[in-house]
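So that you can map any letter, position 294 of the sequence shown is 294 in full-length UniProt numbering, and since no number is skipped, the others follow by simple counting. All C-beta atoms, glycine included, are put in the ideal place defined by N, C-alpha and C. Before any comments, here is the structure.
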Amino acid sequence: MGASRDDTKCAYRYDFEAGKAIKQTQYCYIDRENKTQNIGGCVDLQGTQYAMQLYKDDSKCALQTTSDKGYGMGKTQTFQTEIVFRGMDNLIHVAVPCSDYARVQDRIVRYEKNDKTQTLTPIVDQYYNDPSNPNKQEILNRGIAAQLSSQYQEFACGQWEYNDAKLEAKRPTMLKSYNKLNGEWVEVTPCNFEAGIKSGAVVSPYVMGVSSSKVLSDITTSHYFRIERKNYGEKEQCQKPYGVNRCQPQYFHTDPSITDWSATYKTTTTQTTQPYLRPAQDNESPTTYNYHHSNHHQQDSKRFEKRIAFE
1 MGASRDDTKC
11 AYRYDFEAGK
21 AIKQTQYCYI
31 DRENKTQNIG
41 GCVDLQGTQY
51 AMQLYKDDSK
61 CALQTTSDKG
71 YGMGKTQTFQ
81 TEIVFRGMDN
91 LIHVAVPCSD
101 YARVQDRIVR
111 YEKNDKTQTL
121 TPIVDQYYND
131 PSNPNKQEIL
141 NRGIAAQLSS
151 QYQEFACGQW
161 EYNDAKLEAK
171 RPTMLKSYNK
181 LNGEWVEVTP
191 CNFEAGIKSG
201 AVVSPYVMGV
211 SSSKVLSDIT
221 TSHYFRIERK
231 NYGEKEQCQK
241 PYGVNRCQPQ
251 YFHTDPSITD
261 WSATYKTTTT
271 QTTQPYLRPA
281 QDNESPTTYN
291 YHHSNHHQQD
301 SKRFEKRIAF
311 E
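Written out as structure tokens, the structure reads:
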């Protein structure tokens, strides 16, 4: 009894590594009871004419979107495709229906700023790496807005500028936004004192420390002065010219009244030092500004008065 084959009993075997759909067949024979008996199972037909090329076809597939699972990364998209081939009947057959083929990745090409809403949106090219060819990238979309926008945040930057007259320091600021796609901070504005969409500066007062005082000098001085009061006298002088009596007052100086004063003063000069701690520069220790104030205190230690009066 001779063996025969029946191609209708077997489909195709898929060799995804080689990218082939291989037609299989079933060998059988007719026994003495005129019944068909299979010889083993389906086996590959030999020959290039039985090996069909496999192709990817994503025309009937859509991107598979996975919502946020609580990791703070928004949505994840996966590229899907079908694996198809043209069979020996010249029709298109589906080897693998639409299924996840590769994870869609975003390549940031620029950022879009919205100062009104204070948000930063990455503009990306979407692509996936072909699993069958790791060195090949397939671009899906170019220049689209990512769904992971982030808010502006203001940070202090640069060096502190000290103003000892006002006992305060100021530092410039800049706006940054956290890029959730790659986990990096993106600079929105330069580091400066300009206001507008940001405050422009961080102002910090100096911290007052404990004051201290010391005596600079003790000076003793003496002062002397005299008060002299002039005294005047008055008397009437009369005459009788031509038998008429005429009188008029006459004024004259008498001895003055004199008062002598002497006083001794002690003047103490005290200097008070008030320290103020300035804000520290990054990676440096704080510096101190010392404000000095001098105070003069005068005390009357001795006073003497002597009056000399002449009548």
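Taking CB distances under 9 Å as the criterion, tell me whether residue i reaches chain C.
| i | result |
| --- | --- |
| Q53 | As a matter of chain content, chain C is missing from the structure shown, which is built from one protein chain. |
Grab the span of the beta strand (DSSP E) containing residue i for me, first residue to last.
| i | result |
| --- | --- |
| D231 | At residue 231 the sequence reads Asn, which differs from the Asp that was named. Note, N231: beta strand (DSSP E), S212 to Q239. |
| V124 | T119 to N129 |
| Y14 | Y12 to D15 |
| A145 | Q137 to A145 |
| R5 | S4 to D6 |
| K113 | Q105 to N114 |
| Y162 | E161 to N163 |
| T150 | The sequence given here has Ser at residue 150, not Thr. Note, S150: beta strand (DSSP E), S150 to A156. |
Please report the Cβ distance between residue i and residue j, rounded to the nearest whole angstrom; I am assuming they are in contact, meaning their Cβ atoms lie under 8 Å.
| i | j | result |
| --- | --- | --- |
| V186 | Y111 | 6 Å |
| Y251 | E236 | Actually they do not touch by this definition, with Cβ atoms about 11 Å apart. |
| V124 | A146 | 5 Å |
| T272 | L216 | Going by Cβ atoms, the distance from T272 to L216 rounds to 11 Å, so no, they are not a contact pair. |
| L175 | L148 | With 8 Å as the limit, L175 and L148 do not qualify as a contact, their Cβ atoms being about 18 Å apart. |
| K198 | E154 | 5 Å |
| Q24 | Y12 | 7 Å |
Starting from the Cα of residue i, find the closest Cα among the options and give me that residue.
| i | options | result |
| --- | --- | --- |
| Q80 | C247, K56, A95 and S222 | K56 |
| S211 | H293, Q126 and G47 | H293 |
| N90 | I227, Q49 and V109 | Q49 |
| G19 | G2, A95, D106 and V43 | A95 |
| Q46 | T264, S99, T36 and A21 | A21 |
| C28 | K9, L277 and P122 | K9 |
| P122 | A165, V188 and P279 | V188 |
| S59 | E228, V84 and F155 | V84 |
| R32 | G2, D6 and D255 | G2 |
| R229 | P256, E284, T267 and T270 | P256 |
| Q137 | D106, G209 and Y128 | Y128 |
| E16 | T117, A165 and Q53 | According to the sequence shown, residue 16 is Phe rather than Glu. Looking at the Cα atoms, Q53 is the closest of the given residues. |
| C238 | S204, N231 and C247 | C247 |
| G40 | A62, D6 and A51 | D6 |
| residue 312 | D115, A62, G87 and M88 | Because residue 312 is not part of the residues shown, which for the chain are 1 to 311, the question remains open. |
| V203 | T267, R86 and T173 | T173 |
| V104 | K116, L120, N141 and A11 | N141 |
| I30 | S4, N295, S177 and G183 | S4 |
Is residue i a contact residue of the ligand MG, with contact defined as CB to any heavy atom under 8 Å?
| i | result |
| --- | --- |
| N38 | With respect to small molecules bound, the structure shown includes none, and the ligand MG cannot be examined in it. |
*Can you give, in chain order, each stretch of the beta strand (DSSP E) that sits fully within the region 173-203 and has at least 3 residues?*
Runs of the beta strand (DSSP E) inside the region 173-203: 184-187.
*What are the uninterrupted segments assigned as beta strand (DSSP E) that are 3 or more residues long and contained completely in the region 21-63, given in chain order?*
36-44, 51-53 and 55-57, all fully within the region 21-63.
*Report yes or no: do the region 235-245 and the region 168-175 share at least 3 C-beta pairs separated by less than 8 Å?*
No, the region 235-245 does not touch the region 168-175.
*Hey, is the region 220-231 in contact with the region 259-270, meaning 3+ C-beta pairs nearer than 8 Å?*
In this structure the region 220-231 touches the region 259-270; the number of beta carbon pairs closer than 8 Å is three or more.
*Are the region 122-141 and the region 158-165 in contact at 8 Å, needing three or more beta carbon pairs?*
When Cβ pairs closer than 8 Å are counted between the two stretches, the region 122-141 is seen not to touch the region 158-165, the count staying below three.
*Is the number of C-beta pairs between the region 269-283 and the region 197-208 that are closer than 8 Å three or more?*
Yes, the region 269-283 touches the region 197-208.
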